[in-house]
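FYI, in my numbering the residues of the sequence shown are 604 to 1091.
Note that beta-carbon positions come from the ideal geometry of N, C-alpha and C, so glycine has one too.
Take a look at the structure set out below.
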Amino acid sequence: MATETTTNIQATGWEYSAAPERFPISIEETNKLFIDGKFISPKSRKWFATTNPATDEKLADIATAGAADVNAAVASAKKALPKWSKLAGSERAKYLYRIARRIQERAREFAVLETLDGGKPIKESRDVDIPLVAQHFFYCAGWADKLEYAFPGRNVQPIGVCAQIIPWNFPLMMAAWKLAPALACGNTCVLKPAETTSLTALRLAEVLQEVELPEGVVNIVTGAGDTGKYLAEHKAINKLAFTGSTHVGKMLMRNSAGTGKRLTLELGGKSANIIFADAAIDQAVEGIVSGIYFNQGHVCCAGSRLFVEEPILEEVIQKLTHRMKSLRVGDPMDKNTDVGAINSRSQLQTIEQYIKTGVAEGGQLHEANNQQLPSKGNWCNPCFFTDIQPSHTIAREEIFGPVLSVMTFRTPEEAISRANNTPYGLAAGVWTDKGSKVFEVAKRLEAGIIWCNSYNRFDAASPFGGFKESGFGREGGMQGLKPYVKLV
Ligand code: NAD
Ligand code: MN
604 MATETTTNIQ ATGWEYSAAP ERFPISIEET NKLFIDGKFI SPKSRKWFAT
654 TNPATDEKLA DIATAGAADV NAAVASAKKA LPKWSKLAGS ERAKYLYRIA
704 RRIQERAREF AVLETLDGGK PIKESRDVDI PLVAQHFFYC AGWADKLEYA
754 FPGRNVQPIG VCAQIIPWNF PLMMAAWKLA PALACGNTCV LKPAETTSLT
804 ALRLAEVLQE VELPEGVVNI VTGAGDTGKY LAEHKAINKL AFTGSTHVGK
854 MLMRNSAGTG KRLTLELGGK SANIIFADAA IDQAVEGIVS GIYFNQGHVC
904 CAGSRLFVEE PILEEVIQKL THRMKSLRVG DPMDKNTDVG AINSRSQLQT
954 IEQYIKTGVA EGGQLHEANN QQLPSKGNWC NPCFFTDIQP SHTIAREEIF
1004 GPVLSVMTFR TPEEAISRAN NTPYGLAAGV WTDKGSKVFE VAKRLEAGII
1054 WCNSYNRFDA ASPFGGFKES GFGREGGMQG LKPYVKLV
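Encoded structure:
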């Protein structure tokens, strides 16, 4: 089935002409499971639809993996393990390099597919997601034959069969963050993408066939929570890596207790940006805007709380309002678009409920409602709230949408204690002109990633992961290899 890449969304009131991405792409009507190196129909005989959240149009049917299908995928990964784990690291590296290069060659196709299925702006999937996917495979390829240098003096062994469950906010990137280190370290995998965004993972399976990755080394099972549950609870898996909601993460931790399975969790966040009066304000506002409105706020490390030093509050609000209103919301396939579609109807409802709660609890809503949103699809205008107290619901709970809570502080001490006053601890941003203040504040923030005078910057060489209820374990960097090795 050939699918039109231009989505025909009527955008009005924009002073830019539309610049639609026109890369032609075809999507199979039915998308099967990838098990033992082959695409196969599900034994469950069940399928579900995936839609384009910017148009509500159905894109394709995806297989629902039932218990028997998950069993087959795990059995395939187990069968492939002895040979793959004994392969020389330099040989495993060759496969990873080939995957990385093939992703680069097919980058535009992956970007378009990611945007169609998930709703994120094409300029993000094209310039951020897919390049980082290739980078992670390149980076991990480099480690595959150097593991004894990553862990000097230790005998490095793979863990075994890894179950990897990922969310919908960075679909292919999350797949790469999980698969690349696992493969580099000699493990075999069963990956489950999120149900709204399975298409790019399945296309990655095509790449795995193209590079002749041995059968069963990577298996991809699609489906919703039930499929995830079968996989997570499977007796033959040795390691479970999960990225998603804190609720499901806690459940997985309870269920895996006492089973001997290794576990890493990357969960939610309520990350803080702290802006001091001596900061370069324009630069800070730019970072704050990208920190919360990038990817519609569907970012686990989104800077969803902003703490402003009191004397500059007015200036920051004024600049933030101006910048927020200049963001282009609409057709994700348009290269001018800054804020795309909300990933699903249910996520949109969650966000809208939080906005209502924010108003009901006394917050003042500032909305970029100057643009006419498309009539179909899931849309949310970027917004922020002032008159917010740390006790307000929207300042405490993860929203996973383009909603920012603005609060103030008077001293660095107060900024640090307010920023740390959350059950989460994924990321933080510090904005100041003084290097000493950066180090002093960053040292005392309880967050896994701290950006200074920047935000939402990612690199394959840099570890990513949380404190407290944001989870444990690191992805990326040398540290990201550790969850995938047994040190004996
Ligand atoms: P979720 O945790 O329900 O889904 C994440 C993945 O887990 C999906 O692949 C899903 O199919 C699977 N899953 C669901 N239930 C499962 C179960 N019982 N056992 C095993 N796997 C299961 O997240 P969601 O509902 O898609 O999103 C809800 C919230 O999760 C968001 O509002 C946000 O707070 C959070 N989230 C966080 C991240 C992150 O990167 N940390 C990413 C996406 C969503
Ligand atoms: Mn979809």
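Sequence-distant residues of its chain with Cβ nearer than 6 angstroms to residue i (five each side left out)
i     : result
A878  : The amino acid occupying residue 878 in the given sequence is Ile; Ala does not appear at that position. Counting only Cβ-Cβ distances below 6 angstroms, and skipping sequence neighbours, we find A887, V911 and W1034.
A657  : T610, G722, P935, A944 and G980
L855  : A835 and F845
A1018 : I877, F910 and F1012
For residue i, three-class secondary structure by DSSP
i     : result
P627  : coil
G1074 : strand
S693  : helix
G828  : helix
M1010 : strand
K1085 : helix
C792  : strand
L802  : helix
L1118 : Any question about residue 1118 goes unanswered here, given that the chain covers just 604 to 1091.
H739  : helix
T615  : A caution first: T615 carries a pLDDT of 47, below 50, which makes its placement in the model unreliable, though a value can still be read off. Coil at T615, not helix or strand.
D720  : helix
K842  : strand
K641  : strand
P817  : coil
L968  : strand
D885  : helix
G905  : Here residue 905 is Ala; the residue named in the question, Gly, does not match the sequence. Coil at A905, not helix or strand.
Q974  : coil
L572  : Here the chain has residues from 604 to 1091 only, and residue 572 is not among them.
I762  : coil
L1029 : coil
Delimiting residues of the beta strand (DSSP E) encompassing residue i
i     : result
H850  : Element bounds for H850: not the beta strand (DSSP E) but the alpha helix (DSSP H), T849 to S859.
D730  : Counting along the chain, D730 falls outside any beta strand (DSSP E), and DSSP gives it neither H nor E.
L868  : R865 to E869
T996  : Here T996 belongs to no beta strand (DSSP E); instead the alpha helix (DSSP H) covers T996 to R999.
P667  : In the sequence under discussion, the amino acid at residue 667 is Thr, which differs from the Pro named in the question. Looking at the DSSP string, T667 is not in any beta strand (DSSP E), and its letter there is neither H nor E.
A875  : A875 to I878
T989  : C986 to T989
I1053 : I1052 to C1055
Endpoints, the alpha helix (DSSP H) within which residue i is located
i     : result
R926  : L916 to K928
N1023 : P1015 to N1023
Q952  : R948 to A963
T658  : Premise fails: T658 is in no alpha helix (DSSP H) and is neither H nor E.
A750  : First, the amino acid is wrong: residue 750 is Leu here, not Ala. Counting along the chain, the alpha helix (DSSP H) containing L750 begins and ends at L750 to A753.
R908  : It is not in any alpha helix (DSSP H) - R908 instead sits in the beta strand (DSSP E) that spans R908 to E912.
G1038 : G1038 to R1047
Sequence-distant residues of the same chain with beta carbon closer than 7 angstroms to residue i, five excluded per side
i     : result
H739  : A779, W780, A783 and A1063
E1072 : T849, L870, P1026 and Y1027
R695  : A747, L786, A787 and G789
W687  : G789, T791, P817 and V820
T615  : Low per-residue confidence applies at T615: pLDDT is 47, beneath 50, and the placement is therefore not dependable, though the value from the model is reported in the following sentence. Around T615: Q975.
Residue i CB to nearest heavy atom of ligand 2 below 7 angstroms
i     : result
L935  : Looking at the sequence itself, residue 935 is Pro, so the reference to Leu does not match. No, Cβ of P935 sits at least 7 angstroms from all heavy atoms of ligand 2.
D732  : no
T1105 : This structure leaves residue 1105 out entirely; the chain is present only between 604 and 1091.
T633  : no
T800  : yes
L662  : yes
D941  : no
G721  : yes
Heavy atom of ligand 1 within 7 angstroms of residue i beta-carbon
i     : result
L855  : yes
E1017 : no
V851  : yes
Q767  : no
T953  : yes
S848  : yes
N772  : yes
E708  : no
Q950  : yes
K781  : no
L870  : yes
A804  : no
A797  : yes
Proximal residues to residue i (C-beta, below 8 angstroms), its chain only, five neighbours per side dropped
i    : result
V764 : V677, A680, K681, L684, N790, T791, C792, V793, A839, I840, N841 and K842
P645 : K635, L636, A666, T667, A668, G669 and D672
Minimum Cβ-Cβ distance from residue i to chain D less than 8 angstroms
i     : result
S1020 : In the displayed structure, chain D is absent; only one protein chain is listed.
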